[in-house]
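A short write-up of the structure that comes next.
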Amino acid sequence: MSWLDALKFDERGLLPAIAQDAATGEVLMLAYCNREAVRLTQETGFAHYFSRSRRKMWKKGESSGHLQTVRKIAYDCDADTLLFQVDQAVAACHTGRRSCFFNQVDGDTARPVGETLFDPQAVYAGSPTTANILPALARVVSERRGADPATSYVAQLLAGGAPRISAKLVEEAAELAHAVAAEEEGAVVHEAADLLFHMVVALASRDVAPEAVLAELVRRFGTSGHAERATRRR
23 MSWLDALKFD ERGLLPAIAQ DAATGEVLML AYCNREAVRL TQETGFAHYF
73 SRSRRKMWKK GESSGHLQTV RKIAYDCDAD TLLFQVDQAV AACHTGRRSC
123 FFNQVDGDTA RPVGETLFDP QAVYAGSPTT ANILPALARV VSERRGADPA
173 TSYVAQLLAG GAPRISAKLV EEAAELAHAV AAEEEGAVVH EAADLLFHMV
223 VALASRDVAP EAVLAELVRR FGTSGHAERA TRRR
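First residue of the sequence shown? That's 23 in this note's numbering, and the numbers climb one at a time after it.
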């Protein structure tokens, strides 16, 4: 007899599952599982749930990339509630907060607590476009700040500080200049993309958003380059 047979699913074939941070004990979210979702969770090591509104099973993080790696599974004394102890990537809540339980009650009122770790519109709107790629890239860079430098190139660059980042900017700018001089169109696009990427990392290291640079370009638009340079402090 499998332990799954001991679980008491309701008349819809569901039971609630609580996701808890395996390291801190923080309660992250509550969702529902059917038997298949529980089975897949155990077999794959990633949290699966059943959506009551969409009437379909889903893997946590399948669209956002914010996966839940399940370390332990337990159920309560009545066998009608599951507990998943997980390693949560980025955040559990679709609002961008780490936990879905961010509304803190204080007397007769409640207020949201905790920082927003990602922009829901950017994450769930689909793939970035040419119109929003720089802000989208900046968000990814921000999310990688706390990653392991051994597995994340962005984290490795940021860990190296200004010397490492500055050296990469010089290197990438030189490669772009070489491609321009060689009149290699494909290489120019490739090297320019590399330089832009490293520029976004450099901006992030100084807590500057790409939008600040874009705003400066907007300010300068229509102004003679010679006139603009003359207004700068020397």
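The beta carbon of each residue, even a glycine, is placed where N, CA and C say it ideally should be.
If you're wondering where the values come from, they're calculated on a predicted model, not measured in any experiment.
Between Gly67, Leu225, Asp32, which lies nearest to Ser188 when the distance is taken from Cα to Cα? Leu225
For Thr63, which of Ala28, Ala114, Leu105, Leu139 has the nearest alpha-carbon? Leu105
Could you check the C-alpha separation between Tyr54 and Val230 for me, to the nearest Å? Cα atoms of Tyr54 and Val230: separation of roughly 41 Å, rounded to the nearest angstrom.
CB-CB length for Arg167 against Leu180, believed under 8 Å: Yes, Arg167 and Leu180 are in contact; Cβ-Cβ is about 6 Å, under 8 Å.
With a Cβ-Cβ cutoff of 8 Å, do Asp141 and Arg120 count as a contact? no
Find the nearest neighbour of Lys190 within the set Ala209, Thr173, Met221, Pro232, judged by alpha-carbon distance. Met221
Taking one C-beta from the segment 78–85 and one from the segment 123–137 each time, how about it: are there three or more such pairs within less than 8 Å? Too few Cβ pairs lie closer than 8 Å, so no.
On the DSSP bridge assignment, give the partners of His70 in chain order. Looking at the DSSP output, His70 shares a beta bridge with Lys81.
Name the one or two DSSP bridge partners that Cys55 has. Leu37
Anyone know if the C-beta pair for Ala111 and Leu139 falls short of 8 Å? no
Thinking Leu21 and Phe72 are a contact (beta carbons under 8 Å), I'd like their distance in whole angstroms, please. Past the boundaries of the shown model lies residue 21; the chain is included only from 23 to 256, so the question cannot be answered.
Taking Leu89 as part of the beta strand (DSSP E), name the residues at either end of that continuous run. Unbroken run through Leu89: none, as it is neither H nor E.
Pro38 and Thr103: beta carbons closer than 8 Å? yes
Along the chain, which unbroken stretches of the alpha helix (DSSP H) at least 4 residues long are found entirely within the segment 183–237? DSSP assignment within the segment 183–237 yields the following whole alpha helix (DSSP H) runs of 4 residues or more, N-terminal first: 183–203, 207–227.
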